[in-house]
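For reference, the structure is listed below as structure tokens.
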Amino acid sequence: MARIVEVSFKGNRREYFTSDSDELEVRDHVIVEADRGEDLGLVTANGAVAERKCSGCSTGCAAPVPARRVVRPARTDEVDRARSLRDDEPRVRQLTREKVIQFGLKMKVSDAEWQFDRNKLTIYFTAERRVDFRELVRELARTFRTRIELKQIGVRDEAALLGGVGRCGRELCCSTWLRELKPVSLQLAKDQRLSLNPAQISGCCGRLMCCLTYEHESYVQARKKFPREGKTLLTARGREKVVSVDIWRERLQLKDEEGNRRTVTLAEVKAEVAALGGELGGPGAPPRLERGERGERGEGGEGGEQGERGERREGGDRREIDRREWVDRRGGERREGGRPDQEPGSAPRGERGERPEREPGPNEPGGGHPRGERGERGERGERG
């Protein structure tokens with residue numbers, strides 16, 4: 021049965037292959053199938069460990085079968101040949117940079133990698149925008165007499181490829197053991213109450229450090245036990261505001277209404293708040309009144325207003341009294357049988373919502389001072 025083998029190449033590039041041999045061990049050099057040829061790599065895992073890494077789960081269930089396979093173990097002369105190719109890559113990188121300057125392209129050449137059989141040369145570069153490197157590829161193919169592959173990578177991939185030392189004094193995680201570069205947001209630094217100075221939370225690549233994600237879940241779970249900053253609590257000393265929180269020492273800094281501050285533990289705050297019948301998130305809000313209770317109280321606030329409205333309804337509503345009679349604005353005479361939904365004292369309307377007839381205005385047909393045709397003014401006949 022074919023076994024899955026993990027083989028690593030230059031930098032942090034790793035691929036998975038199938039092998040029919042059971043004699044392969046970790047740290048053995050092997051010849052594997054590559055794109056249009058063969059390549060030489062180092063075995064870093066095999067068997068069940070390689071299956072778990074290849075499938076991406078901890079149980080190794082449903083591991084995909086790699087399409088390429090291990091050809092054979094590498095001989096000593098083949099290993100020496102691969103090392104000579106690695107020694108030649110700085111020269112290739114320098115020539116490529118000169119060609120880039122010659123064509124005036126805005127790109128930074130990061131590294132170069134020969135395939136073991138010299139059938140392909142891969143050049144890694146970074147650029148802010150899309151680069152038209154067709155002429156550069158033709159020139160490099162004529163120079164090195166092989167197939168050229170230009171691969172654009174990001175700044176984080178560049179740091180993983182080249183390696184380096186981080187702020188902690190150790191080798192970069194992305195170039196040693198970190199297999200996948202996940203996106204890191206500024207919210208991770210905010211949740212951990214770190215300084216937002218980019219110089220202190222950025223790595224060698226200029227982006228946020230990958231190690232910000234390592235303890236983020238622990239910070240989130242620990243902070244759930246504390247009230248948020250700015251929350252007002254009802255404690256034994258009255259109303260106090262949460263100023264700061266120390267999740268690792270389980271302490272809080274509180275400030276009362278007079279400005280006095282004190283530092284207490286989380287257990288003490290819980291005991292004080294529970295003794296007063298409140299919650300840790302803050303003092304309990306006053307109970308809301310139901311609609312029926314508001315009218316019965318008749319006291320100040322919203323309940324008092326509803327009580328006054330109830331008393332006015334007992335004495336009768338003015339609108340209910342005048343709904344059957346209304347006074348016309350024009351004649352001032354009292355009429356009965358008015359519309360129930362019409363406001364008292366308003367002008368009558370005709371049927372189907374038409375307004376009552378009124379005298380035409382001075383500038384309307386039939387009104388005072390009628391205008392003549394083409395600027396003539398009424399009876400005077402003067403031109404406007």
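If you read the sequence shown in our numbering, its first letter stands for residue 21, the second for the next number, and so on.
Note that the Cβ used here is the ideal one computed from N, Cα and C, for glycine as well.
query	result
Residue nearest to residue 84 in terms of C-alpha spacing, selected from 183, 238, 263, 25	25
Boundaries (first-last residue) of the beta strand (DSSP E) holding residue 144	140-146
Cα-Cα separation, residue 202 to residue 231	11 angstroms
Range of the contiguous alpha helix (DSSP H) that encloses residue 234	From DSSP, residue 234 is part of no alpha helix (DSSP H); its letter is neither H nor E.
Residue nearest to residue 280 in terms of C-alpha spacing, selected from 57, 295, 258, 291	258
Where the beta strand (DSSP E) through residue 255 begins and ends	252-255
Same chain only: Cβ atoms within 8 angstroms of residue 179, ignoring 5 sequence neighbours per side	192, 194, 195, 223, 224, 225
Residue 63 vs residue 48 beta-carbon contact at 8 angstroms	yes
Proximity of residue 263 and residue 274 at Cβ, strictly below 8 angstroms	yes
Whole-Å CB distance - residue 132 paired with residue 151, under 8 angstroms assumed	That belief does not hold up - the Cβ atoms of residue 132 and residue 151 are roughly 17 angstroms apart, past 8 angstroms.
Contact check, residue 67 vs residue 50, beta carbons under 8 angstroms	no
Touching by the beta-carbon criterion (3+ pairs, under 8 angstroms), the segment 156-173 and the segment 101-111	no
Own chain partners of residue 292 with C-beta closer than 6 angstroms, once the 5 adjacent residues on each side are dropped	255, 256
Residue 34 versus residue 58: straight-line alpha-carbon distance, rounded	15 angstroms
CA-to-CA distance, residue 136 to residue 100, given in whole angstroms	11 angstroms
Which of helix, strand or coil DSSP assigns to residue 205	coil
Where the alpha helix (DSSP H) containing residue 221 begins and where it ends	218-221
Given residue 182 as reference, the closest of 30, 22, 23 once Cα atoms are compared	30
4-residue-minimum alpha helix (DSSP H) runs that sit fully inside the segment 128-192, ordered along the chain	154-164, 175-182
Residue 59, enclosing alpha helix (DSSP H) - first and last residue	Run containing residue 59: none in the alpha helix (DSSP H); it sits in the beta strand (DSSP E), 57-66.
Euclidean distance between Cα positions of residue 237 and residue 90	40 angstroms
CB contact below 8 angstroms: residue 287 versus chain B	Of the protein chains in the structure, only one exists, and it is not chain B.
Exposure label - residue 206; buried when at least 16 CB within 10 Å	exposed
Cutoff 7 angstroms; reference residue 120; Cβ partners in own chain excluding five residues on either side	127, 129, 156
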